[in-house]
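Residue numbers (the numbering used here), protein chains in the order written: chain A, 1 to 305; chain B, 306 to 740.
We put the CB at the ideal spot given by N, CA and C, even for glycine.
What follows is a set of notes on a single structure, which appears directly below.
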C-alpha cells in the first residue's frame with residue numbers, strides 16, 4: 001500500500017524537466033517571434049531556468065516579456081531585474097498603467113485588482129511585437145479550467161481561448177502553426193504540480209524572490225485570509241495589524257495575493273510544507289478566484305493566461 | 306492483446322524504488338464510474354486538498370448525494386457541467402512514494418473516438434472500466450482496440466461496482482475470462498492484461514485491499530500502476546533515434562551544438578553516428594543533458610551534442626547509429642499508414658496537407674484510402690468506403706514531397722507517428738500511424 005510521497009523521489013523531476021525542455025525547443029524551432037513571460041514569480045523563474053538549460057551555451061531564442069500591473073511587490077521587481085542582468089538577455093516591460101492612461105483599460109473600481117486589466121496590455125504587446133508564441137508558467141493543476149488546457153494553446157486575434165477549437169495533441173508532436181495575427185500560448189509546466197515546482201527549485205537551487213520564504217511582516221486578517229500591509233493595502237480603521245511569520249505561495253497583483261502563515265524559511269521547509277499542505281495554491285492565496293468557481297475559465301476566455 | 310490475464314510488470318521490484326512518471330488513460334462507458342474512480346484515487350493518494358474536498362462535499366450535499374460524490378473532482382468546464390458529460394481529454398495528477406502519475410481522462414461517449422486516440426497516443430497504460438453487472442460491452446472492446454491500435458501494451462481491466470454483485474469471485478473471473486477470450490481473437494496488437502476487482506465508491510482494491518475480496522490475490526489498481534513499464538523504458542532497448550530540434554550557435558565561430566530529445570536507444574561519447582537524410586557520418590564528441598555534461602544519455606533525455614567532424618545539421622534531421630541495419634526502415638515518399646481523422650474539417654482528396662514527423666515537415670497528399678475501420682463491429686472494410694470525417698479510422702497511402710525517414714509505428718511509437726496539418730488554418734487534421 002502506498003503512502004503519499006513523503007520521501008523525495010526525483011526521477012519524475014527529470015521527466016518533467018525533459019518534457020519542458022522539449023517543448024521550449026519546439027517553440028524555438030516552430031515559431032518566428034516567440035516571447036517568454038517573466039514576472040519574477042516562482043513559476044516563471046522555473047520556466048526561465050528550463051529555457052537556459054534548453055539553449056545554453058547559446059543565447060535564448062526569445063526575449064523575456066513582463067506585463068507590469070503596477071501592483072507588484074518591489075522585491076519581485078528587483079529580483080526580476082537582477083536575474084535579467086545576470087543572464088544578459090533582453091527584457092521587454094509593458095505597463096497596465098499606460099493602458100489605463102490611454103483609456104484602453106477602464107477598471108471596474110479605481111483601486112481594484114489589475115489582474116484582469118493586464119489581459120488588455122498583454123494583447124497590445126502581442127500586436128506591437130507581432131508575437132506568435134507566448135511561453136508561460138501556468139500549470140494544469142492550478143484550476144479545473146486549466147486541466148483541459150493544451151501545452152500549445154491556440155488564441156485568435158482577440159487572444160480568445162475557445163475550448164472547442166483547441167487542437168488535439170498527440171505523442172509529443174506539438175503544432176504551433178497559426179494564421180496571421182493569431183498566436184499560441186505555450187505551457188512547458190503543464191504537467192507540473194505546485195509540489196513538483198518546489199522540489200525542482202530546491203533540487204536545482206533556483207533563485208526565487210525572498211517573499212516565497214517565511215519572513216515576518218505586518219498583516220491583517222480579512223475574510224479568513226491574510227492581507228499584507230503595503231502602501232497599496234493600508235490597514236482600514238478598525239483593522240488589527242499583526243506581525244506574523246508568513247510566506248507567499250504566489251506573488252501576483254498585491255491587491256489579490258495573500259500570504260499564508262508559515263515558518264518555512266528554507267527551500268527544503270517549503271517543500272515539506274507544500275507536501276503537507278491542505279489548501280490548494282489558488283484557494284489559499286488568490287483572492288480573485290474566490291469570486292466565482294468559474295472565474296478562471298471566464299478570464300481565460302478573455303485572454304488571461 | 307495477449308489472452309492471458311497476468312499480473313502487470315515485475316512484482317518483485319523494490320517497493321521503494323523511484324519509478325519516475327507513468328502516463329495512463331482511463332476509458333469506460335458513461336455509467337461505469339470512471340470519474341468516481343479517478344476522484345477516489347486522488348482522494349486515497351491524498352492528492353485532493355482541503356478546499357477542493359470541501360467544495361465537492363458541499364456540492365454532493367446540495368445534490369442530495371448520500372456520501373461524497375468523488376466524480377465531482379474531475380468535473381470540468383462550465384459548458385460540460387451543464388451537459389453533465391465530459392467532452393474532452395482532461396489531465397489529473399497524483400503521486401505515491403514511488404511514482405508520479407499523469408491521468409488522461411478520455412471520455413466514454415462513442416462519438417469522441419478522437420479524444421481517446423489523442424489520450425492513448427502518449428499513454429503507457431490504459432485502465433478500462435467495466436461494470437461488474439454487465440461485463441465487457443461493445444464500448445469496452447472498442448476502447449481496447451483503440452488502445453492497442455495506438456500501441457498501448459499494458460491494460461488494466463478494472464471491474465468496477467463489485468459491491469453490486471456481492472463481490473462475487475466467479476462473476477469477476479467470468480468477466481476477466483470473457484475479456485481475454487475476446488482479446489485473444491479480435492485485437493490488433495499484443496498487450497498484457499491485468500484484471501482487478503474494484504469498488505470505486507468505497508475505494509476497494511484501488512489504493513487499499515478490499516476486505517470483501519479475500520479470494521483476490523492480484524495487485525490493487527495502484528500496485529498495478531506503480532509497477533507498470535513506461536514507453537521510454539521500452540524504447541531504450543531500440544536503436545538510437547535523435548531528432549534534431551534546434552541547432553545552437555554559442556558564438557559565430559564556435560562549433561555548433563545539436564539539441565533534441567533521444568526518442569529511442571542510448572548515446573555515448575565516442576559513438577559513431579549517421580545524420581539523416583544526408584547520410585553523413587560523424588562521432589559524438591560531447592554530450593550534455595539539460596546543460597549538465599554527461600558521458601552517456603538514454604531515451605527520454607533532452608540532449609545537446611557536438612559532432613566530430615562538425616558536419617552540417619539542420620532542424621528536422623535525424624541522428625541514428627552508423628550502421629545501415631539500424632536505420633529507420635522507412636525512407637519513402639509513398640507511405641502506408643493508419644489515419645485517425647481528428648478534425649471537424651473532413652478529408653478532401655484534392656487537398657494538399659503538411660505532414661509532420663518529429664521536427665520535420667513536408668508537403669503531402671492522401672492519394673488512396675484503402676480500408677476503413679467500423680468502430681462498432683471493429684472490422685476493417687474495403688471497397689466502397691464512407692467519406693473520411695471526424696472520428697474515422699482508415700488505412701491510406703500518403704505521398705510526401707520529401708522522403709520521410711521514419712520507423713513503423715508498431716516498432717516505435719515515438720518515431721512512427723505523424724500528423725497531417727492544414728497549411729492554411731494550421732489545424733491538426735489527422736494522426737497517422739506508419740505501417
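Contact with chain A by residue i, beta-carbon distance below 8 angstroms
i	result
residue 503(B)	no
residue 370(B)	no
residue 736(B)	yes
residue 398(B)	yes
residue 733(B)	yes
residue 407(B)	yes
residue 661(B)	yes
Closer than 8 angstroms to chain B by CB, residue i
i	result
residue 71(A)	no
residue 148(A)	yes
residue 131(A)	no
residue 28(A)	yes
residue 140(A)	yes
residue 171(A)	yes
residue 155(A)	no
residue 25(A)	yes
residue 203(A)	no
residue 167(A)	yes
residue 35(A)	no
Boundaries of the alpha helix (DSSP H) in which residue i is found, first to last residue
i	result
residue 30(A)	11–30
residue 194(A)	194–204
residue 448(B)	443–454
residue 74(A)	74–87
residue 508(B)	Run containing residue 508(B): none; DSSP gives neither H nor E here.
residue 162(A)	No alpha helix (DSSP H) contains residue 162(A), which DSSP labels as neither H nor E.
residue 43(A)	42–55
residue 565(B)	Unbroken run through residue 565(B) is the beta strand (DSSP E), 562–566; no alpha helix (DSSP H).
residue 174(A)	Careful: residue 174(A) lies outside any alpha helix (DSSP H) and carries neither H nor E.
Own chain partners of residue i with C-beta closer than 6 angstroms, once the 5 adjacent residues on each side are dropped
i	result
residue 727(B)	734
residue 54(A)	21, 24 and 25
residue 697(B)	646
residue 447(B)	680
residue 105(A)	99, 117 and 120
residue 139(A)	189 and 192
Limits of the beta strand (DSSP E) - the one that residue i falls within
i	result
residue 624(B)	623–626
residue 148(A)	Looking at the DSSP string, residue 148(A) is not in any beta strand (DSSP E), and its letter there is neither H nor E.
residue 131(A)	It is not in any beta strand (DSSP E) - residue 131(A) carries neither H nor E in the DSSP assignment.
residue 728(B)	Counting along the chain, residue 728(B) falls outside any beta strand (DSSP E), and DSSP gives it neither H nor E.
residue 460(B)	459–465
residue 217(A)	215–222
residue 657(B)	Unbroken run through residue 657(B): none, as it is neither H nor E.
residue 436(B)	430–436
residue 101(A)	Run containing residue 101(A): none in the beta strand (DSSP E); it sits in the alpha helix (DSSP H), 96–101.
Close-in-space but distant-in-sequence residues of the same chain around residue i (CB under 7 angstroms, 5 per side omitted)
i	result
residue 691(B)	677
residue 210(A)	75
Own chain partners of residue i with C-beta closer than 8 angstroms, once the 5 adjacent residues on each side are dropped
i	result
residue 621(B)	548, 549, 663, 664, 665 and 666
residue 273(A)	262 and 264
residue 322(B)	403
residue 401(B)	350, 527 and 531
CB of residue i within 8 angstroms of CB of residue j, strictly
i	j	result
residue 515(B)	residue 523(B)	no
residue 464(B)	residue 437(B)	yes
residue 634(B)	residue 713(B)	yes
residue 271(A)	residue 259(A)	no
residue 148(A)	residue 378(B)	no
residue 701(B)	residue 644(B)	yes
residue 229(A)	residue 188(A)	no
residue 694(B)	residue 426(B)	no
residue 717(B)	residue 533(B)	no
residue 186(A)	residue 133(A)	yes
residue 611(B)	residue 560(B)	yes
residue 552(B)	residue 619(B)	yes
Legend entry - Near-chain A residues of the segment 415–439 of chain B (beta-carbon distance less than 8 angstroms), N- to C-terminal order: 419, 420, 422, 423, 426 and 427
Inset, instruction - Taking only beta carbons into account, state which residues of the segment 325–348 of chain B come closer than 7 angstroms to chain A, listed in chain order. - result: 325 and 326
Inset, instruction - Note down, in chain order, all residues in the segment 38–63 of chain A with a beta-carbon under 9 angstroms from any beta-carbon belonging to chain B. - result: Listed in chain order, the positions of the segment 38–63 of chain A with a beta carbon within less than 9 angstroms of a beta carbon of chain B are 50, 52, 53, 54, 55, 56, 57, 58, 59 and 61.
Legend entry - Near-chain B residues of the segment 175–197 of chain A - C-beta to any C-beta below 7 angstroms: Result list: 175, 177, 178, 179, 191 and 193.
Legend entry - Under 8 angstroms (Cβ pairs) to chain B, residues found in the segment 9–20 of chain A: 9, 10, 11, 12, 14, 15, 16, 17 and 18
Legend entry - Residues in the segment 542–567 of chain B having any Cβ partner in chain A nearer than 7 angstroms: 550, 551, 553, 554, 555, 564 and 566
Inset, instruction - Could you please tell me which residues of the segment 668–681 of chain B, in chain order, have their CB closer than 9 angstroms to any CB of chain A? - result: Of all residues in the segment 668–681 of chain B, none places a beta-carbon less than 9 angstroms from a beta-carbon of chain A.
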